[in-house]
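Take a look at the structure set out below.
In this note's numbering, the protein residues as written are 1083 to 1145.
So this is what it looks like as structure tokens:
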């Protein structure tokens, strides 16, 4: 899966379902929330799918 190059810090909520899908450095996809770097309860770092942030993603969606 293509991802954005910038690492982000994330936290997996207690209920286990976050708004964002994060791809970890080892390739796993987790449901989490993005938090600021240095946040004490952060779970780890990962990447956001490029498709989620691409301004022209609709041009490439299958119909």
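For glycine and all other residues, C-beta sits at the position ideal for the given N, C-alpha and C.
The C-alpha of residue 1090 lies about 14 angstroms from the C-alpha of residue 1123.
In this structure, the straight-line span from the alpha carbon of residue 1136 to that of residue 1102 is close to 15 angstroms. Classified as exposed, residue 1109 has fewer than 16 neighbouring CB atoms from the shown chains inside 10 Å of its CB. For residue 1091, the uninterrupted beta strand (DSSP E) run begins and ends at 1090-1093, by DSSP. Uninterrupted alpha helix (DSSP H) stretches at least 4 residues long and entirely within the stretch 1098-1141 occur at 1132-1135, given in chain order.
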